[in-house]
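Residues 1 to 95 in UniProt numbering are what the sequence shown spells out, letter by letter. Even for Gly, the Cβ is constructed at its ideal location relative to N, Cα and C. Below is one structure, written out as structure tokens, with a few remarks after it.
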Amino acid sequence: MKNNSAEIGIAFGESNLWGKGIGFYSTLCIMEYALNGKGITIFRAETHAANIRSRRMLEKIGYKEVSRIGVDCYLGVESQLVQYRLCAVDLFGGI
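Here it is as structure tokens:
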């Protein structure tokens, strides 16, 4: 966290938990808490281009891709890193 900005990240190691909406709803809850409890209004996230589930979840929430900087290993393969940004007012209407 820095000023009114924070980077959010989630990870589930258990693949049987993937695709059930846990990450989606957990992310929304923590963002709402960060906005109302900590005054965070700008959220940033980063994932691998090859991590389609993560990218879809972020985009479903309302994150917008802002850059593609860096490369990292994802599931044993080199993958471009994708950076995202979301303004809380766009998501929550300034609640």
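Can you grab the Cα-Cα spacing for the pair Thr47 / Ala88, in whole Å?
Your numbering for residue 47 matches position 47 in the sequence shown. Your numbering for residue 88 matches position 88 in the sequence shown. Looking at the two C-alpha atoms, the distance is approximately 19 Å.
If you compare alpha carbons, which of Leu86, Ser5, Gln83 and Gln80 is closest to Gly39?
As a working note, residue 39 is residue 39 in the sequence shown. Comparing Cα positions, the closest option is Ser5.
Count the other C-beta atoms from every protein chain shown that fall within 10 angstroms of the C-beta of Ala45, then say buried if there are 16 or more, exposed otherwise.
On the sequence shown, position 45 is the one that residue 45 refers to. Ala45 counts as buried, since at least 16 other C-beta atoms from the protein chains shown sit within 10 angstroms of its C-beta.
Please work out which residues of its chain come closer than 8 Å, Cβ to Cβ, to Val77, disregarding the five sequence neighbours upstream and downstream, and give them in chain order.
Position 77 of the sequence shown, counted from the start, is the residue given in the question as residue 77. Only residues of its own chain outside the window of five on either side were considered, and among them Ala50 have a CB closer than 8 Å to the CB of Val77, listed in chain order.
Sequence-distant residues of its chain with Cβ nearer than 8 Å to Leu81 (five each side left out):
If you number the sequence shown from 1, residue 81 lands on position 81. Closer than 8 Å at Cβ, skipping near neighbours: Glu46, Thr47, His48, Ala49, Arg68, Ile69, Gly70, Val71 and Asp72.
Considering just the uninterrupted stretch of the alpha helix (DSSP H) at Phe24, what are its terminal residues?
Taking the first residue of the sequence shown as 1, we reach residue 24 at position 24. Note, Phe24: alpha helix (DSSP H), Ile22 to Lys38.
Reference Lys60; option with closest CA among Tyr33, Gly21 and Lys2:
Locating residue 60 in the sequence shown gives position 60, counting from the first residue. If we check each option's Cα against that of Lys60, Gly21 comes out closest.
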